[in-house]
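S.K.: In mature numbering (1 follows the signal peptide of the UniProt record, and there is no 0), the protein residues as written are -20 to -1, 1 to 215. Every residue, glycine too, gets a C-beta built ideally from N, C-alpha and C.
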C-alpha cells in the first residue's frame, strides 16, 4: 500500500476549500486496481467508483485530477486539489501533515515477487516505488533498495535483471504474477489501511467524506465494491 510522507510539504492554505462548488479529487492514475487511466484517458478503477459514490453521499460535486505520486501530498497542501484518494496508506508520519479519514480498506498484504522463488530477500536487490511503505521497509531490512517513480518500472527492473525482486501491494501484483513468469515469495502486512487525505484546515469537508465512508461500511456497499475490484481488506 502506498505510504510514507513524501518530502516536506508546503504549508496548508489558510482558507480551506471545503465550501468550494466543486471538490477536486487528486489521484495518481497509475496504480491498478485502485486507480488507472482507461482507454479514453479517464480515471478508472476501484477508487474512481468509490470516490464518485462518496461524493454523492457527501452531497458534493467532484472532479478528478491526476498527479505524480512523488508530489501528491505537497500539491494537496498547496491547493491544487482538495483531497487525495490514491491508494494511500494511513501512517503517523503523513498524519502530521494531512488529515486522514477512517480507512476504506483494512491493511492488506504487500508481497515480494521475483523471477525465481530462490531469491534471498535478506541480501537481494529489491525494487520498490519511491516514497512508499514498501520502499521504507526494504531500506530498514538491510537489503539493497532500488527505487523507481512508478510501479510499472519496478516490475520492469525485475524482468530485466536490474533487481532480484519487487515489493509492492499484493493487489497490484496479483494480475502481473498471473500473467508473467514472476512468482510470489513472501507476504507481509504494512501500514494502517487506506484512507482519503485532506488539508488539516478543511475539517468540514473531511467530516463529510468520513461520514460517507462510514455509511458505506454500515450498508455493506463498501465490501461489495472491494469484492468487485478483487481488493483484499474487507470490513
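1. Of the residues 97, 19 and 23, which one's Cα is nearest the Cα of residue 165?
2. Take residue 99 and list the residues in its own chain whose beta-carbon comes closer than 8 Å to its own, dropping the five residues that flank it on each side.
3. How many Å lie between residue 176 and residue 64 at the Cα?
4. For residue 35 and residue 41, what's the separation of their Cα atoms in angstroms?
5. If you count every other CB in all the chains shown that lies within 10 Å of the CB of residue 88, and 16 or more means buried, which is it?
6. Alpha carbon to alpha carbon, what distance is there between residue 141 and residue 85?
7. Quick check: what's the CA-CA separation for residue 126 versus residue 110?
8. Spatial neighbours of residue -5 within its chain, please: CB distance less than 8 Å, with the 5 preceding and 5 following residues excluded, ordered by chain position.
9. Who are the Cβ neighbours of residue 211 in its own chain at under 8 Å, not counting the five residues just before and after it?
10. For residue 161, which residues from the same chain have a beta carbon less than 7 Å from its beta carbon, with the 5 sequence-adjacent residues on both sides left out?
M.R.: Concretely, from the data shown:
1. Residue numbering aside, residue 165 sits at position 185 when the chain shown is read from its first letter. Out of 97, 19 and 23, 97 has the C-alpha closest to the C-alpha of residue 165.
2. For the purposes of this step, residue 99 is identified with residue 119 of the chain shown, where counting begins at 1. Here the set comprises 92, 144, 145 and 165.
3. Position 196 of the chain shown, counted from the start, is the residue given in the question as residue 176. Position 84 of the chain shown, counted from the start, is the residue given in the question as residue 64. Taking the straight line joining both Cα atoms gives about 5 Å.
4. The residue given as residue 35 occupies position 55 in the chain shown. The residue given as residue 41 occupies position 61 in the chain shown. Taking the straight line from one Cα to the other gives about 6 Å.
5. Residue numbering aside, residue 88 sits at position 108 when the chain shown is read from its first letter. Its Cβ being crowded by 16 or more others within 10 Å, residue 88 is buried.
6. Translated into positions along the chain shown, residue 85 becomes position 105. Translated into positions along the chain shown, residue 141 becomes position 161. Computed Cα separation, rounded: 33 Å.
7. Counting from one through the chain shown, the residue named residue 126 turns up at place 146. Counting from one through the chain shown, the residue named residue 110 turns up at place 130. Straight-line Cα distance between these residues: approximately 8 Å.
8. Against the chain shown, residue -5 aligns to sequence position 16. Note that residue -5 scores a pLDDT of 41, beneath 50, so its modelled location is shaky; the value from the coordinates is reported in the next line. Same-chain partners within the cutoff: 179, 181, 182, 183, 184 and 185.
9. The count along the chain shown starts at 1 and reaches residue 211 at position 231. So the list reads 13, 14, 26, 85, 88 and 151, once near-sequence residues are dropped.
10. Taking the chain shown and counting its residues from 1, the one referred to as residue 161 is at position 181. The answer, listed in chain order, is 95.
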